[in-house]
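Peer 1:
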Amino acid sequence: MLPGPGIYYFPWEVSDGQVPDGSTLRTFGRLLCYDMTRSLVTLAAQQRSDQCQLRICTKLVEPFEPRVGFLYMVLGELEHEDDGGSVVKARLLTCVEGMDLSLLEKAILEQRLYLQKKQQPIGVASTLPTPPPAPPSH
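Positions 21 to 158 (the working numbering) are the ones given, in order, by the sequence shown.
Below, the structure is given as C-alpha cells:
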C-alpha cells in the first residue's frame, strides 16, 4: 500500500506542534544547515518577524547535494521525539529555488478553504474560522 500524499502545512504550524505525530505532510523552508554525519537538514522559514526551524531526516533521500540558503520542499512523516522536538522523515526533498513563496502560501490557504467547503453538507453555513492571510513575502 502506498503512503498518503501529504497535507500541506506551513513550517510554523509544524514547529509549533500543530501537526499530529505520524502525519504525512508537505512543507517548505530554506536550507539553513546540513549535518551529513547525522543525515539531518535544518530548514528555516519566516512568519512575520519570527523565524521557525524544522529538522528533516534525510536518510531516505541521500545522496543529495545540499544548497545552503536555497528553498526546499519536503514530503515526509512527522515523528515527535522524547526530548519534545520533532523531525520530518523525508521521502522527497526537492530544491524549488525561484518558486514564489507568497503564491504558494496563498494556494495552500485556497486549498484549505476548498476542502472545508467540500466536506460540509449542502446548505450548512461554515463554522470553521477563515484561515489568516498569507504573510507578505520578503
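C-beta atoms are modelled at their ideal positions from N, C-alpha and C, and glycine is treated no differently. Nothing here was measured: the structure is a model prediction, and the numbers come from that model.
1. How many angstroms separate the CA atom of residue 88 from the CA atom of residue 76?
2. With DSSP run on the structure shown, which of helix, strand or coil describes residue 117?
3. Just checking my contact of residue 95 with residue 34 at CB under 8 Å: how many whole Å lie between their CB atoms?
4. Which of the three DSSP states, helix, strand or coil, is assigned to residue 134?
5. Looking at C-alpha atoms only, which residue of 54, 25, 99, 119 is the closest neighbour of residue 40?
6. Could you check whether the segment 132-142 touches the segment 54-61, counting it as contact only if at least three pairs of C-beta atoms, one from each stretch, sit closer than 8 Å?
7. Please state if the CB of residue 24 and the CB of residue 44 are separated by a distance shorter than 7 Å.
Peer 2: With the given structure in hand:
1. Taking the sequence shown and counting its residues from 1, one reaches residue 88 at position 68. Taking the sequence shown and counting its residues from 1, one reaches residue 76 at position 56. Answer to the nearest angstrom: the Cα atoms are 14 Å apart.
2. Taking the sequence shown and counting its residues from 1, one reaches residue 117 at position 97. Here residue 117 sits in coil by DSSP.
3. Looking up residue 95 in the sequence shown gives position 75. Looking up residue 34 in the sequence shown gives position 14. Between residue 34 and residue 95 the Cβ distance is about 13 Å, and since that is not below 8 Å, they are no contact.
4. The sequence position of residue 134 within the sequence shown is 114, counting from 1. Of the three classes helix, strand and coil, the one that applies to residue 134 here is helix, per DSSP.
5. Position 20 of the sequence shown, counted from the first residue, corresponds to residue 40. Out of 54, 25, 99, 119, 99 has the C-alpha closest to the C-alpha of residue 40.
6. no
7. On the sequence shown, residue 44 is found 24 positions in, with the first residue counted as 1. On the sequence shown, residue 24 is found 4 positions in, with the first residue counted as 1. A distance below 7 Å separates the beta carbons of residue 44 and residue 24.
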